[in-house]
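In our numbering, the protein residues as written are 194 to 343.
Backbone N, C-alpha and C fix where the C-beta goes; we use that ideal spot for every residue, glycine too.
Single-structure report; data block below.
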């Protein structure tokens with residue numbers, strides 16, 4: 194399995210509410226996610242609260258076939274909660290693995306979290322954000338390859 198995992202929020206990243214429209218997954222955002230996960234064979238872990246109401250199979254069918262899991266739901270709901278959920282998932286399933294998170298809520302991560310790529314909630318995973326993510330992924334994968342862990 195890949196040594197780099199993508200932790201994915203949905204609202205504000207893949208799905209968002211455009212003015213005057215109901216929330217729905219964006220075609221561009223879904224395409225960009227497919228480009229990203231396909232080019233780098235990135236396993237995806239769902240961090241969105243949608244994980245509470247949808248089974249893993251739903252995410253594989255409707256979001257991306259590279260979805261391999263969902264973070265646990267922790268009782269703690271304070272600042273940095275989502276990062277703690279990511280870290281709990283990694284401890285259980287992929288100790289020591291590198292990770293990147295796509296989210297539109299910075300407060301759900303520790304201040305200055307270097308693993309977080311923040312998405313604009315009205316644009317999500319648009320082309321500009323995809324370019325930032327690709328740069329980050331390539332940097333991490335190069336570092337893993339150089340260290341002999343990739």
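(message) If you follow the alpha helix (DSSP H) that residue 221 is in, where does it begin and where does it stop?
(response) 220-233
(message) Please report the straight-line C-alpha distance between residue 303 and residue 223, rounded to a whole angstrom.
(response) 27 Å
(request) Would you list the residues sitting across from residue 296 in a DSSP beta bridge? (result) 311
(request) Report the option in 231, 233 and 241 whose CA atom is closest to the CA atom of residue 207. (result) 241
(request) To the nearest angstrom, report how far apart residue 298 and residue 311 are at their CA atoms. (result) 7 Å
(request) Determine, using beta-carbon pairs with one atom in the stretch 267-277 and one in the stretch 229-238, whether at least three such pairs fall under 8 Å. (result) no
(message) Do residue 245 and residue 268 count as a contact pair if the criterion is CB distance below 8 Å?
(response) no
(message) Could you compute how far the alpha carbon of residue 196 sits from the alpha carbon of residue 272?
(response) 27 Å
(message) To the nearest angstrom, how far is the alpha carbon of residue 301 from that of residue 325?
(response) 20 Å
(message) So, with DSSP's three-state summary, where would you put residue 199?
(response) strand
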